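Residue numbers (our numbering): 834 to 890.
The beta-carbon is built from N, C-alpha and C at its ideal position, and this holds for glycine as well.
Model, not experiment: these values are computed from the prediction.
Down below is the structure, laid out as structure tokens.
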Amino acid sequence: MAKKKGGRIIVAMQCSVCKKVNYYTSINKAIMPKLEQKKYCKQCKAHTLHTSREKLK
Ligand SMILES: [Zn+2]
């Protein structure tokens with residue numbers, strides 16, 4: 834199992850309130866292992882904190 838290190842990976846941006854995945858983005862894991870952004874969540878109908886989550890397969 835080869836796992837890339839240091840490259841850009843696709844992550845899901847997950848709402849910290851309802852746990853719904855609302856956005857996908859790519860990050861450079863070597864520079865920015867974790868991403869947190871305030872984004873609009875349709876389910877919460879509000880801007881909530883979204884945290885990055887590595888895409889599971
Ligand atoms: Zn939400």
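Buried or exposed: which applies to residue i, given that a residue is buried once 16 or more other Cβ atoms fall within 10 Å of its Cβ?
i	result
His880	exposed
Cys848	buried
Val844	buried
Any heavy atom of ligand 1 closer than 8 Å to the Cβ of residue i?
i	result
Lys862	no
Lys853	yes
Thr884	no
Gln870	no
Thr881	yes
Val844	no
What are the boundary residues of the beta strand (DSSP E) that residue i is part of?
i	result
Ile864	Looking at the DSSP string, Ile864 is not in any beta strand (DSSP E), and its letter there is neither H nor E.
Lys891	Outside the displayed range of the chain (834 to 890) lies residue 891, so it cannot be described from this structure.
Val844	841-848
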